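Chemist: Residue 386 in this note's numbering sits at position 384 of the sequence shown, with consecutive numbering throughout.
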Amino acid sequence: MIPALDIDPFCTAFFDDPYPAHAAMRDAGPVVYLPRYDIHAVARYDDVRGMLMDWGSYTSARGVGISDFAKEKPWRLPSLLLEADPPLHDRTRKLMDKVLSPAAMRGLREPFTTAAEALIEALLARGSFDAVSDLAEAYPLTVFPDAVGMPPENRRFLLPYGNMVFNSFGPQNAFFQAAVADAEPVLAWVQAQSRRQALSPNGFGAAIHAAADDGDISTGEAEVLVRSLLTAGVDTTVNGLCAAVYCLARFPSAFDQLRADPSLARAAFEEAVRLESPVQTFFRTATRAVTIGEETIAEGSKVLMFLGAANRDPRRWDRADDYDITRRNAGHVGFGTGIHGCVGAVLARLEGELVLGALARRVATIEIVGEPQRRYNNTLRGMASLPVRMTAA
Ligand code: 4MI
Numbered sequence: 003m004i005p006a007l008d009i010d011p012f013c014t015a016f017f018d019d020p021y022p023a024h025a026a027m028r029d030a031g032p033v034v035y036l037p038r039y040d041i042h043a044v045a046r047y048d049d050v051r052g053m054l055m056d057w058g059s060y061t062s063a064r065g066v067g068i069s070d071f072a073k074e075k076p077w078r079l080p081s082l083l084l085e086a087d088p089p090l091h092d093r094t095r096k097l098m099d100k101v102l103s104p105a106a107m108r109g110l111r112e113p114f115t116t117a118a119e120a121l122i123e124a125l126l127a128r129g130s131f132d133a134v135s136d137l138a139e140a141y142p143l144t145v146f147p148d149a150v151g152m153p154p155e156n157r158r159f160l161l162p163y164g165n166m167v168f169n170s171f172g173p174q175n176a177f178f179q180a181a182v183a184d185a186e187p188v189l190a191w192v193q194a195q196s197r198r199q200a201l202s203p204n205g206f207g208a209a210i211h212a213a214a215d216d217g218d219i220s221t222g223e224a225e226v227l228v229r230s231l232l233t234a235g236v237d238t239t240v241n242g243l244c245a246a247v248y249c250l251a252r253f254p255s256a257f258d259q260l261r262a263d264p265s266l267a268r269a270a271f272e273e274a275v276r277l278e279s280p281v282q283t284f285f286r287t288a289t290r291a292v293t294i295g296e297e298t299i300a301e302g303s304k305v306l307m308f309l310g311a312a313n314r315d316p317r318r319w320d321r322a323d324d325y326d327i328t329r330r331n332a333g334h335v336g337f338g339t340g341i342h343g344c345v346g347a348v349l350a351r352l353e354g355e356l357v358l359g360a361l362a363r364r365v366a367t368i369e370i371v372g373e374p375q376r377r378y379n380n381t382l383r384g385m386a387s388l389p390v391r392m393t394a395a
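(1) Would you call proline 89 buried or exposed, if buried means 16 or more other Cβ atoms sit within 10 Å of its Cβ?
(2) Using only CA atoms, which one of Thr94, Ala176, Leu189 and Gly235 lies nearest to alanine 149?
(3) Our contact map puts tyrosine 163 next to leucine 243 with C-beta atoms below 8 Å; I'd like the distance itself, whole angstroms only.
(4) So, using beta-carbon positions, are histidine 211 and arginine 229 closer together than 7 Å?
(5) Checking the sheet assignment: what are the DSSP bridge partners for serine 303?
(6) Assuming leucine 309 contacts glycine 336 under a Cβ cut-off of 8 Å, what Cβ separation, rounded to an integer in Å, is found between them?
(7) What would DSSP say about valine 292, mapped onto helix, strand or coil?
(8) For the segment 126–199, list the beta strand (DSSP E) runs that are entirely contained and at least 3 residues long, ordered along the chain.
(9) From this set, Thr328, Val192 and His334, which residue's C-alpha is nearest arginine 318's C-alpha?
(10) Rounding to the nearest angstrom, what Cα-Cα distance links alanine 15 and isoleucine 370 in this structure?
(11) In terms of residue numbering, what span does the alpha helix (DSSP H) encompassing isoleucine 210 cover?
(12) Assign arginine 314 to buried or exposed, taking buried as 16 or more other Cβ atoms, counted over all protein chains shown, within 10 Å of its Cβ.
(13) Thinking just about the alpha-carbon of each residue, which of Ser170, Arg158, Gly338 and Asn165 is nearest to the one in glutamine 195?
(14) Identify every residue that forms a DSSP beta bridge with methionine 98.
(15) Do arginine 64 and alanine 72 have their C-beta atoms within less than 7 Å of each other?
Below, the structure written as structure tokens:
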């Protein structure tokens, strides 16, 4: 018998404090059933990781949200990366690996460093500010669209677009409805930004379109791949940076450690991604009857993978709920793993390293000075507001 649990992972109460429900799901067994949505779920580290690795048994092509593309028409053209299986996926992924290569990242280090230092300097001058809008959103909203090669106008549209897409992986609840309420102009804008003529000749966007010239992909496919960048490149890093500031503010001894050794910046960001898991969940769909532990789920079952629960599974992590910037956190699944493991992680880690590096060198204290407000989203864990005060070193 697969244990059935009365848990709603897409409601305010859950988002406010998901951890008791995570523990209940992990403790109930390797796989659980959530009757409220007629879905299965895995929350233990080993089972989440196993599912991420087994793309043959657990397809992404039927959607990585609750909706089964085999039964319901997708609300947007499916992603050629996220919502695709091999062989299609491997062709597009190889291209994106090239566009987001370590060599490409090296070229961004200098401008991204300048932007991070300027931002932290300006925030120190203000003293008090909102770590969400003024830091976690401000930084990616400048450096990322620059790197893609987008024009300066309307970049803030990237936030409502991300909010829409990440809500769409969940049920069509009030969060989703609110996110898509004024979708039309945002969707049109994103579509327009994906076209070659909208993109400067030396960014990631142009690099994707150049692959179309080589005949590797069609122009239409290039536009959908640029859309992947615009979808996945902002909200995720916003919530990653927000998580890092939130951790450093709540664990002052970790911040002291970081200040004493700024070369820990990359590790400190990684640990925030493990602990807060900005991307909390994704679905897969079983391609056949599959056995998890002792239990078998039917072909066509939607299975929700709790990345955030896996990243705090005490079966895998010592002091799982502690923010420890010197722990060995390799193997966390905050960026996923396997063939769909985050292709932009190199960029996210660069942004995280540079912002946290600037904090380490220039800031003495980070203090939360107002009530943090959570931002509710069916997939992302993050905040709407985090009032902080920083003092200079
Ligand atoms: C993991 S976040 C994410 C990744 C890819 C896409 C969207 C969101 C996409 O559209 O390809």
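Note that beta-carbon positions come from the ideal geometry of N, C-alpha and C, so glycine has one too.
Quick caveat: nothing in here was measured; it's all calculated off a predicted structure.
Modeler: The answer reads as follows:
(1) In the sequence shown, counting from the first residue as 1, residue 89 sits at position 87. So proline 89 counts as exposed.
(2) One-based indexing of the sequence shown puts residue 149 at position 147. It is Gly235.
(3) The residue you call residue 163 lines up with position 161 of the sequence shown. The residue you call residue 243 lines up with position 241 of the sequence shown. Their Cβ separation, rounded to whole angstroms, is 18 Å, which puts tyrosine 163 and leucine 243 out of contact at 8 Å.
(4) Position 209 of the sequence shown, counted from the first residue, corresponds to residue 211. Position 227 of the sequence shown, counted from the first residue, corresponds to residue 229. No. Outside cutoff.
(5) Locating residue 303 in the sequence shown gives position 301, counting from the first residue. Bridge partners of serine 303: none, in fact.
(6) Translated into positions along the sequence shown, residue 309 becomes position 307. Translated into positions along the sequence shown, residue 336 becomes position 334. Indeed they touch by this definition, with Cβ atoms about 6 Å apart.
(7) One-based indexing of the sequence shown puts residue 292 at position 290. Three-state result, valine 292: strand.
(8) 130–132
(9) The residue given as residue 318 occupies position 316 in the sequence shown. Here the closest residue by C-alpha is His334.
(10) Numbered from 1 along the sequence shown, position 13 holds the residue referred to as residue 15. Numbered from 1 along the sequence shown, position 368 holds the residue referred to as residue 370. Cα-Cα distance, rounded: 23 Å.
(11) If you number the sequence shown from 1, residue 210 lands on position 208. 206–215 is the span of the alpha helix (DSSP H), which, as asked, contains isoleucine 210.
(12) For the purposes of this step, residue 314 is taken as the residue at position 312 of the sequence shown. With 16 or more other Cβ atoms within 10 Å, it is buried.
(13) Counted from its first residue, the sequence shown places residue 195 at position 193. Considering only alpha carbons, the answer is Arg158.
(14) Taking the sequence shown and counting its residues from 1, one reaches residue 98 at position 96. In the DSSP output, where bridge partners are listed per residue, methionine 98 has none listed.
(15) Here residue 64 refers to the residue found at position 62 when the sequence shown is read from its first residue. Here residue 72 refers to the residue found at position 70 when the sequence shown is read from its first residue. In contact: arginine 64 and alanine 72 (Cβ atoms closer than 7 Å).
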